[in-house]
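Student: Quick one: the structure is below, and I'll ask about it shortly.
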């Protein structure tokens, strides 16, 4: 039966393929196809993991103290029974044999099938046994992760395909952590759907950077879509079509072909200078998450990196933070890859929807209960970890010896934070000097992403060389909207007069002070705002590489003199969104 699920469109395009359901706690499981020659060895890995867990459980049962309740021994028997049940291990082998899934993926896939069966049981006691099954699978996944041939990093990058080798697979989950999303770059998934999230949640942002269709905030999608269902993801309209009819399927395949032709046409602009009709040269920069993204930035025609999100080096590490040397190598790789073009590295922006693995369960619950967007994040977190912060500053400074580097500080709101940050930077420079390590005096900039920073801008500009407007958080904090919460996503409004006034005021004041200003939030990569931002006086845009061609096309067709007049009218409007639509149409 065909049905539709409505969510929020966050990344353009259409994806068609079989649904792969993954529980959020297991999203970071490796997902890749294996060759026919590796089927038996992969089954052997599964068998070894099962035997290891069986031995572990048997040992636990043997060593139970005499006073232990009988229920505990019975529970271990249940786990052993589930472990050897053919519905788990036998069916998991079939995923490996028939679908060529790696062992971890096959195990997770079979868990999702069995979990659905438990959910549909009428008996409450049997329904509750799903938790036991999940615990058994978690043990097996851990055993696979520590067994031979388990290196996730070594997972081969395989062209996306379905089980017949022709169509892609799509991922369906309750939620996906931003760092987990990075595992899917170059992998087997060409689209994803999540139950939760907003248009500018970091998971959505990473999806756009990967240029794959995505729909978030689809509420019950992971509950009602089943493993192997055919799914269409309409990333333009926030629509998910499950088990579509042949006519609908063909219509969307036609849209896919049209989108690919449009993408190819826009790609021809990548080496064309971004100059408006009236001769204004516009700087189009790229946002990246990892050093290897620099090549995509160059390929897209970026003239530099306007935002290197360094926090992704800190995530999915099991609680161990990267040291100074590891960070230095990553920053240097990005700087050298850009061949002399500027690279703006933002200090770690941990917190909110980007927690560290090392946070305890209690800390995560505390963060969830107290709105992490208003908690210890970004520069606040860095200043609370002075040793880590100086390590990062030294690593960035060392990379400056290999190319043009700029340093960007996130979520600045207080003058005291500015002074503490500059003091930490001075101390890091002195430490490098004492150690005889080369570095260059880098320009230091502030992210303008809270209203306090926008209102304090005249003071901040005395201390900083440039500013970068993070529109995603600026909108969130101006309107008191959690941008990762789909229940209030409809109130997240980049056209709100207060937001536009803060953006315009920041651009104007920075220009009057002779300081460089850019926009690195999602507004920079949205063609609906290109003429408006040009009219506000913006000359530097930073966005995901996949968005550069579309923005360049808008720039090439724009006359900034006309944009100024239209922007002035729009900023005075009671309902800017209505006029903004006409501005884009015109």
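Numbering (the numbering used here), first residue to last: 11 to 596.
Beta carbons are placed, not taken as given, at the ideal position from N, Cα and C, and that holds for glycine.
Please read all numbers here as calculations on a predicted model, not as lab measurements.
Looking at C-beta atoms only, is the number of pairs between the segment 258-275 and the segment 531-543 that lie closer than 8 Å three or more?
Tutor: Touching, no.
Student: Which residue comes first and which comes last in the beta strand (DSSP E) that contains residue 297?
Tutor: Run containing residue 297: 293-298, per the beta strand (DSSP E) assignment.
Student: Could you pull the start and end residues of the alpha helix (DSSP H) that residue 14 belongs to?
Tutor: No alpha helix (DSSP H) holds residue 14; the beta strand (DSSP E) holding it covers 13-16.
Student: At which residue ranges does the segment 227-296 contain complete alpha helix (DSSP H) runs of 4 or more residues, listed in the order of the chain?
Tutor: Correct list: 231-234 and 256-277.
Student: State the DSSP-derived secondary structure class of residue 553, mapped to helix, strand or coil.
Tutor: DSSP places residue 553 in strand when its eight states are reduced to three.
Student: Suppose contacts are defined by Cβ-Cβ distances below 9 Å. Is residue 42 in contact with residue 180 by that definition?
Tutor: No, the Cβ-Cβ distance between residue 42 and residue 180 is not below 9 Å.
Student: Which word fits residue 448, buried or exposed, when buried means at least 16 other C-beta atoms lie within 10 angstroms of its C-beta?
Tutor: Exposed, because fewer than 16 other Cβ atoms sit within 10 Å of the Cβ of residue 448.
Student: On a CA-only basis, which of 249, 48 and 93 is nearest residue 61? Give me that one, please.
Tutor: Here the closest residue by C-alpha is 93.
Student: What does the Cβ neighbour count give for residue 373, buried or exposed, with the cut at 16 atoms within 10 Å?
Tutor: At residue 373, the pLDDT of 42 sits below 50, so the modelled position is not reliable; the number obtained from the coordinates is stated separately. With fewer than 16 Cβ atoms within 10 Å of its Cβ, residue 373 is classed as exposed.
Student: Residue 147 and residue 98: beta carbons closer than 9 Å?
Tutor: Against a cut-off of 9 Å, the Cβ pair of residue 98 and residue 147 comes out as a contact.
Student: Do residue 14 and residue 250 come within 9 Å of each other at the CB atom, strictly closer than that value?
Tutor: Going by C-beta atoms, residue 250 is nearer than 9 Å to residue 14.
Student: Work out the CA separation of residue 19 and residue 269 for me, nearest whole Å.
Tutor: Cα-Cα distance, rounded: 16 Å.
Student: Look at residue 356 and residue 317 and say whether their C-beta atoms are less than 9 Å apart.
Tutor: Yes; because the gap between Cβ atoms is below 9 Å, this pair is in contact.
Student: So what does DSSP say about residue 474, is it helix, strand or coil?
Tutor: Coil at residue 474, not helix or strand.
Student: What does DSSP give as the partner residues of residue 317 in its beta bridges?
Tutor: Paired residues: 297.
Student: Using a threshold of 9 Å, state whether the C-beta atoms of residue 315 and residue 297 are closer than that.
Tutor: Yes, these two residues count as a Cβ contact at 9 Å.
Student: If you follow the alpha helix (DSSP H) that residue 516 is in, where does it begin and where does it stop?
Tutor: Its alpha helix (DSSP H) spans residues 507-522.
Student: For residue 429, does the count of other Cβ atoms within 10 angstroms reach 16, so buried, or fall short, so exposed?
Tutor: Exposed, since its Cβ has fewer than 16 Cβ neighbours within 10 Å.
Student: Provide the residue span of the beta strand (DSSP E) that contains residue 26, from first to last.
Tutor: Per DSSP, residue 26 belongs to the beta strand (DSSP E) from 24-31.
Student: Can you list, in chain order, the residues of its chain whose CB lies under 6 Å from that of residue 539, leaving out five sequence neighbours each side?
Tutor: Contacts found: 533.
Student: Excluding the 5 residues flanking residue 371 on each side, which residues of the same chain have their C-beta closer than 7 Å to its C-beta?
Tutor: For residue 371, the predicted structure reports a pLDDT of 37, less than 50, and the residue's modelled location is therefore unreliable. The matter cannot be settled from this model.
Student: Which first and last residues belong to the beta strand (DSSP E) in which residue 183 is found?
Tutor: Residues 179-183.
Student: To the nearest angstrom, report how far apart residue 399 and residue 565 are at their CA atoms.
Tutor: Near 38 Å, if we compare the C-alpha coordinates of residue 565 and residue 399.
Student: On the three-pair Cβ rule with 8 Å, is the segment 513-523 touching the segment 217-237?
Tutor: No, because fewer than three Cβ pairs between the segment 513-523 and the segment 217-237 fall closer than 8 Å, the two stretches do not touch.
Student: I'd like the list of long-range same chain contacts for residue 52, defined as Cβ closer than 7 Å, with 5 residues on each side in sequence excluded.
Tutor: Taken in chain order, the residues that qualify are 44, 106, 112 and 113.
Student: Can you tell me the Cβ-Cβ gap for residue 512 and residue 464, rounded? I've got them flagged as a contact below 8 Å.
Tutor: So it is a contact: roughly 4 Å between Cβ atoms.
Student: Go to residue 398, then tell me how far its alpha helix (DSSP H) extends in each direction, as first and last residue.
Tutor: Element bounds for residue 398: 396-409.
Student: Relative to the alpha-carbon of residue 141, which residue among 211, 88 and 340 has its alpha-carbon at the smallest distance?
Tutor: Among 211, 88 and 340, the Cα nearest to that of residue 141 is on 88.
Student: May I ask you to check if the CB of residue 301 is nearer than 8 Å to at least one heavy atom of the ligand MG?
Tutor: You won't find the ligand MG in this model; it holds no ligand whatsoever.
Student: Here's the rule I'm using: 16 or more other beta-carbon atoms within 10 Å means buried, otherwise exposed. How should residue 283 be labelled?
Tutor: So residue 283 ends up on the exposed side.
Student: Note the first and the last residue of the continuous beta strand (DSSP E) segment covering residue 527.
Tutor: Per DSSP, residue 527 belongs to the beta strand (DSSP E) from 526-529.
Student: For residue 434 versus residue 403, is the C-beta distance shorter than 9 Å?
Tutor: Yes, the pair counts as a contact, with Cβ atoms nearer than the cut-off.
Student: Rank 127, 472, 419 and 238 by C-alpha distance to the C-alpha of residue 480 and give the top, closest one.
Tutor: If we check each option's Cα against that of residue 480, 419 comes out closest.
Student: Terminal residues of the continuous beta strand (DSSP E) containing residue 354?
Tutor: Looking at the DSSP string, the run of the beta strand (DSSP E) that includes residue 354 is 353-356.
Student: Ignore the nearest five residues each way along the sequence and tell me which others in residue 340's own chain have a CB closer than 6 Å to its CB.
Tutor: Excluding positions up to five away in sequence, the list reads 301 and 323.
Student: Less than 8 Å between the CB atoms is what I'm expecting for residue 143 and residue 59, so what's the real figure, rounded?
Tutor: No, residue 143 and residue 59 are not in contact; Cβ-Cβ is about 15 Å, not under 8 Å.
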